[in-house]
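S.K.:
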Amino acid sequence: MPSPLARTGGIPVTGWLIGLLGAGSGCGRLDDISQLISPAVAQGIFVGLDLPEGTDLSGSGSDLLQYSAACSVFLAYIADPSELDTSPVEGANVTFRSAQNPGSFPLADQGEGKYLATAESGIDYASGDEAVVTTQIDGSDVRIEVETPDAPDVDVPTTLPAQGGFTVDLAGQGYDNVLVAVYDVNRGKLTYDNLPDDIVETYEYTHGEQAESVDVYDGAFLREGTYVVGIAGMRTSDPNTFTGVSQSLSAFMAGQFTLRFVQVSPL
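Residue numbers (numbering that gives the first Met the number 0): 0 to 266.
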């Protein structure tokens, strides 16, 4: 199973028409309308790892290490919201930059409208940074941005019985959603994650109701051994800052994983 950090929506039509009809006119308003109804869509997730001082993950597999920072973006060009998953933009030149990452870092084309950069590409995650992704879709400049939050404060049990689980609760910390990934150190594989797999799931994740808690069961801790649990509080950027894309369908979310070790005992 590949790392979910390498993967990165039912689309309602927003009710902005009445407001626009009564809001006056002018070039600025026309620009606003064109962005609301733009056929270009960008969905992005940027994550990092907050490693406790002295933590050594050298024996935990490359899946964790290479994704100490990862930015995944889906691009689509649609005539109708129902085409979100059938109209990917492939072959685009997509770049990432931030104050922490000066210069320009290309996101590799993964096919089917997905683009990815990781720590192996040279990018890094720092809280309080502003991550910017730019590209061109159908000849128009596209820019989405997100401010990167801190890692959350979490309460995770240090021991569990096999086939056990727990609930992650980030209520009151100001996050829009919660991401969780569980890695089986002994067997070298991910056993659980709730990351969206494609552009439709990413839309649903970024535009759905806020979820401040996640139940981590579903076979995450099936066997005895040592597990690494990564938990990130995610925040979604204001789509009004985007240019060149549909503001109602696009989103950019960021968060930093904090890691905890859990020892699982046999039944």
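Here a beta-carbon is modelled for each residue, glycine too, at the ideal position from N, C-alpha and C.
(1) Do Glu223 and Pro156 have their C-beta atoms within less than 8 Å of each other?
(2) Candidates Ala91, Pro87, Glu82 and Val46: which alpha carbon is nearest Ala69's?
(3) If you reduce the DSSP assignment to three classes, tell me which class Val155 lands in.
(4) With a CB to CB cut of under 8 Å and the five nearest residues on each side skipped, what residues in its chain are close to Val131?
(5) Decide if the segment 121-140 is in contact with the segment 176-188; the criterion is three or more beta carbon pairs, one per stretch, under 8 Å apart.
(6) Going by CA-CA distance only, name the one from Gly171, Asp152 and Gly43 that's closest to Pro195.
(7) I need the straight-line Cα distance from Thr242 to Val93, nearest angstrom please.
(8) What residue from Val153, Ala219, Ile198 and Glu208 has the CA that sits closest to Ser81's CA?
(9) State yes or no: is the C-beta of Pro151 within less than 8 Å of the C-beta of Ile230?
(10) Quick one: what's Phe165 bridged to in DSSP?
(11) Between the Cα of Val153 and those of Arg259, Val184 and Met233, spot the shortest distance and give me the residue it belongs to.
(12) Indicate whether Asp192 and Ala210 have their beta-carbon atoms separated by less than 8 Å.
(13) Considering only DSSP beta bridges, list what Tyr76 is partnered with.
(14) Cα separation between Gly90 and Ala39?
(15) Compare the beta carbon distance of Val227 and Thr158 with 8 Å and say whether it is the shorter of the two.
(16) Kindly list the residues whose CB is nearer than 6 Å to the CB of Ser139, restricted to its own chain and excluding five residues on each side of it in sequence; keep chain order.
(17) From Gln255 to Leu48, what distance separates their C-alpha atoms?
(18) Thr201 to Arg234, Cα distance in whole Å?
(19) Apply the 10 Å Cβ neighbour rule to Gly21 and answer buried if 16 or more other Cβ atoms are within range, or exposed otherwise.
(20) Output the distance between the C-alpha atoms of Gly171 and Asp237, rounded to the nearest integer angstrom.
(21) By the three-class DSSP mapping on this structure, what secondary structure does Tyr174 have?
M.R.: Let's see:
(1) Residue 223 sits at position 224 when you count from the first residue of the sequence shown. Residue 156 sits at position 157 when you count from the first residue of the sequence shown. Cβ atoms of Glu223 and Pro156: not closer than 8 Å.
(2) Working through the sequence shown from its first residue, we reach residue 69 at position 70. Measuring from the Cα of Ala69, the nearest candidate turns out to be Val46.
(3) Position 156 of the sequence shown, counted from the start, is the residue given in the question as residue 155. Note: Val155 maps to coil in three-state DSSP.
(4) Taking the first residue of the sequence shown as 1, we reach residue 131 at position 132. Counting only Cβ-Cβ distances below 8 Å, and skipping sequence neighbours, we find Phe95, Arg96, Ser97, Arg142, Ile143 and Glu144.
(5) no
(6) In the sequence shown, counting from the first residue as 1, residue 195 sits at position 196. When each option's Cα is compared against that of Pro195, the closest is Gly43.
(7) As a first step, residue 242 is located in the sequence shown; it is residue number 243 there, counting from the start. As a first step, residue 93 is located in the sequence shown; it is residue number 94 there, counting from the start. The straight-line gap from Cα to Cα measures roughly 14 Å.
(8) As a working note, residue 81 is residue 82 in the sequence shown. The shortest C-alpha separation from Ser81 is found at Ile198.
(9) Working through the sequence shown from its first residue, we reach residue 151 at position 152. Working through the sequence shown from its first residue, we reach residue 230 at position 231. Contact flag set, yes.
(10) The sequence position of residue 165 within the sequence shown is 166, counting from 1. Partner(s): Val215.
(11) Counted from its first residue, the sequence shown places residue 153 at position 154. For Val153, the closest alpha carbon among the candidates Arg259, Val184 and Met233 is that of Arg259.
(12) To locate residue 192, count along the sequence shown from 1; it is residue 193. To locate residue 210, count along the sequence shown from 1; it is residue 211. Contact annotation: Asp192 and Ala210 have beta-carbon atoms that are not nearer than 8 Å.
(13) Position 77 of the sequence shown, counted from the start, is the residue given in the question as residue 76. Bridge partners of Tyr76: Ala39.
(14) Walking along the sequence shown from the start, residue 90 turns up at place 91. Walking along the sequence shown from the start, residue 39 turns up at place 40. C-alpha separation (whole angstroms): 15 Å.
(15) For the purposes of this step, residue 227 is identified with residue 228 of the sequence shown, where counting begins at 1. For the purposes of this step, residue 158 is identified with residue 159 of the sequence shown, where counting begins at 1. For Val227 and Thr158, no; Cβs fall outside 8 Å.
(16) In the sequence shown, counting from the first residue as 1, residue 139 sits at position 140. Same-chain partners within the cutoff: Gly243.
(17) Stepping through the sequence shown from its first residue, residue 255 is reached at position 256. Stepping through the sequence shown from its first residue, residue 48 is reached at position 49. So the alpha carbons of these two residues sit roughly 5 Å apart.
(18) The sequence position of residue 201 within the sequence shown is 202, counting from 1. The sequence position of residue 234 within the sequence shown is 235, counting from 1. Distance between the alpha carbons of Thr201 and Arg234: 13 Å.
(19) If you number the sequence shown from 1, residue 21 lands on position 22. The predicted model places Gly21 with a pLDDT of 24, which falls under 50 and marks its position as unreliable, so this point remains unresolved.
(20) For the purposes of this step, residue 171 is taken as the residue at position 172 of the sequence shown. For the purposes of this step, residue 237 is taken as the residue at position 238 of the sequence shown. Near 20 Å, if we compare the C-alpha coordinates of Asp237 and Gly171.
(21) Here residue 174 corresponds to residue number 175 of the sequence shown, with the count starting at 1. Residue state, collapsed to three classes: coil.
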